[in-house]
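This report concerns only the one structure given below.
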Amino acid sequence: MDALTGLPCRKEAFAQLEVAVNVVRAAGKRMVVALVDIDRFYRVNEALGTDFGNEVLCIMSKRLAEARMVSTRVSRVGGNRFLIAMPVEPEENGGLQAVEAIKNAVERPIDVKGTELYLTSSIGATLFPQDGRTSEQLITRAESALYQSKLQGGNRARFYNLEDTIQLNRRIDIEAALRPALYLRQFRLSYQPIYRMSDGKLRGFEALIRWEHPQLGDISPSEFIPLAEQNGLIIPIGEWVLREACKMLAGMSKYGLCSLIMSINISPIQLLDPTFSQTVLNALKDHHLQPDSFELEITENHLLYTSDTAISTLSWLRATGVRIALDDFGIGYSSLANLKQLPIQCLKIDKSFVKKIDLQSAERIIVEGVIKLVHKLGLEVIAEGVEYAEQYELLSEWGCNYVQGFLLGKPQEPDVLDLSMIRRSEE
Ligand code: C2E
Ligand code: MG
Ligand code: MG
């Protein structure tokens, strides 16, 4: 028994669920098993103290127990996590109403000693018998659904689906494979050309990481970079990218390609590392490269604005001559108002915008407007994801400075990239 709420605790809860499954099975009924997690509960403890937090948990557990019917079982299976098992009638809409009743119960304002609190919850739910026939299956699948609802930002209920579990397992496999990947030399860099629009000449390349795993196959950076950011591996991986791209750029000068710019993608996490700027400068020095031949592509993120370190690292690097570009403009946290705060010279318009400029779309108006506005701020613009000649023509008409995309060249590995050919075309 949980001393605080008087509810069964984890071990008892699982044993009771086993019994409940057997009862429901014998009666030929259906049952909803739901894991309810109070969103950001740590904030309640942090702001109002643990005594207050405990009181809130007691109120919640009472509400959850009363939310439905007498045969509902509620247990506390973690700090702020509850397990609920409720038999439902077969005609009920997939247990949906039952789960909604739970969510509403959590979200009613709570009054503790005159302080009114509004909480939300994330719920992962499974249905017996279709989602699982044993208590263990029902709980692990409810956990998987809960994980998905948290991943989508919380404050939502989700029913289990097989696709999520496949995704979750892939994520676990990728995380495990990521640790030794650097040591096993599984990463490579591809280089995508960026062209100047005024004379059609090559401006330089963007280095893009590639990971080919012997069992998992090709894994996209969009899939593994966020995981590397979460477990800190982005620091050594990012340093490898930096050194590899410097080596490549130094190699290009052998072909007489001297004034090219190499762009690399930087995670906001790297900017929080106090040794980052020195690492950049050392890598440039080791390869006898000028700082202005190097461009760091950053993406807007709350870390950029909430940490002084990130902005001062960027400003310091900019002062040494390193170029800074803002990547993926238009999605996520991007805002024109914030542009003034960042020490950038260049802005990259996200490909999701460029994709639609050859149609009569809002994107067409936005991209034309952004180019004009960004020029007024004294910045240059790169359009990424240019796939069609019509898009190229429009960007040229609007005065966009540089273009990058499959129309002009796909990312290529160094052995495919024929630098002597590029040299000839530049002459
Ligand atoms: P990004 O920096 O915006 O890179 C552009 C992405 O668009 C690349 O995908 C590139 O292959 C793709 N792309 C280029 N031209 C076209 C086009 O014409 N059409 C379409 N549909 N796509 C095009 P990729 O290589 O899968 O990289 C995805 C993202 O992963 C990158 O977006 C970047 O944010 C991140 N990333 C890649 N390499 C690194 C790295 O070394 N470090 C960090 N921190 N992030 C990286
Ligand atoms: Mg980029
Ligand atoms: Mg981009």
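The end of the sequence shown is residue 655 by the numbering used here, with every number in the run present.
Beta carbons are placed, not taken as given, at the ideal position from N, Cα and C, and that holds for glycine.
These figures come from a predicted structure and were not determined experimentally.
Alpha-carbon to alpha-carbon, residue j and residue i
i	j	result
E364	V247	12 Å
G342	D265	24 Å
I287	I394	36 Å
A538	L410	25 Å
A243	V252	15 Å
H603	L436	27 Å
L542	L499	8 Å
G549	E596	29 Å
Q380	N397	17 Å
S495	F504	11 Å
L455	G466	13 Å
D520	L285	57 Å
Q458	I400	13 Å
V249	P315	9 Å
Q443	F280	50 Å
R291	M259	20 Å
R438	A255	55 Å
F634	P449	18 Å
L607	K482	31 Å
L636	F433	12 Å
V476	Y388	Here residue 476 turns out to be Met, not Val, going by the sequence shown. Going by the C-alpha atoms only, they are around 47 Å apart.
C628	G484	27 Å
L488	F310	58 Å
A478	I594	38 Å
V614	C486	26 Å
L461	L412	14 Å
D501	P408	22 Å
H204	D536	The shown model of the chain, from 229 to 655, leaves out residue 204, and the question about it has no answer.
P357	K568	57 Å
Neighbourhood of residue i by C-beta distance below 7 Å, restricted to the same chain and skipping five residues each side
i	result
L645	Y419
V298	With a pLDDT of 39 at V298, under the threshold of 50, the modelled position of this residue cannot be trusted, and the question is left open.
P464	L410
E472	L417
Q414	W439, E440 and H441
V327	V260, A262, I351, A353 and A385
Start-to-end residues for the alpha helix (DSSP H) that takes in residue i
i	result
D324	Residue identity differs from the one stated: residue 324 is Leu in this sequence, not Asp. Element bounds for L324: L324 to E335.
R471	I462 to S481
C286	T278 to E294
L564	L564 to L567
S372	S363 to L379
P496	P496 to L499
T343	Run containing T343: none in the alpha helix (DSSP H); it sits in the beta strand (DSSP E), T343 to L345.
D536	D536 to T548
F452	P449 to N459
Cβ neighbours of residue i in the same chain (closer than 8 Å, five flanking residues each side left out)
i	result
L470	I492, T507, V508 and A511
S587	Strictly speaking, residue 587 in this sequence is Leu, with Ser absent from that position. Once the five neighbours on either side are set aside, L587 has no close Cβ partner at all.
E344	P337 and I338
R592	K584, I585, D586 and L622
D267	L347, T348, S349, S350, G382 and N383
W626	V595, E596, I599 and K600
Cutoff 6 Å; reference residue i; Cβ partners in own chain excluding five residues on either side
i	result
K600	none
D556	T527 and D578
G360	T354, L366 and R369
K659	Given a span of 229 to 655 for the chain in the structure shown, any question on residue 659 remains unanswerable.
L532	P496 and A538
Cβ separation of residue i and residue j, assumed to be a contact under 8 Å, to the nearest whole Å
i	j	result
R416	I422	No, R416 and I422 are not in contact; Cβ-Cβ is about 20 Å, not under 8 Å.
L545	L524	7 Å
I351	A385	4 Å
S580	G558	7 Å
C574	A553	4 Å
N332	F269	Contact flag wrong, Cβ pair sits at about 18 Å.
I330	A262	6 Å
A353	G323	7 Å
A631	Y620	Here the sequence assigns Val to residue 631, which means Ala is not the residue at that position. At roughly 6 Å, the Cβ-Cβ gap stays under 8 Å, so V631 and Y620 are in contact.
I402	E451	7 Å
K638	E612	So it is not a contact: roughly 13 Å between Cβ atoms.
L390	A313	Not a contact, Cβ separation roughly 21 Å.
Residue span of the beta strand (DSSP E) that contains residue i, given as start and end
i	result
P315	R309 to V316
G352	S349 to F356
P571	Counting along the chain, P571 falls outside any beta strand (DSSP E), and DSSP gives it neither H nor E.
P386	The sequence shown places Arg at residue 386, not Pro. Looking at the DSSP string, the run of the beta strand (DSSP E) that includes R386 is A385 to F387.
D555	R551 to F557
T527	F522 to T527
Y620	Counting along the chain, Y620 falls outside any beta strand (DSSP E), though it belongs to the alpha helix (DSSP H) covering A617 to E625.
E433	The displayed chain sequence assigns Phe, not Glu, to residue 433. F433 -> beta strand (DSSP E) spans L430 to H441.
**Report entry** Contact the segment 425 to 442 vs the segment 366 to 378: 3+ CB pairs below 8 Å
**Finding:** no
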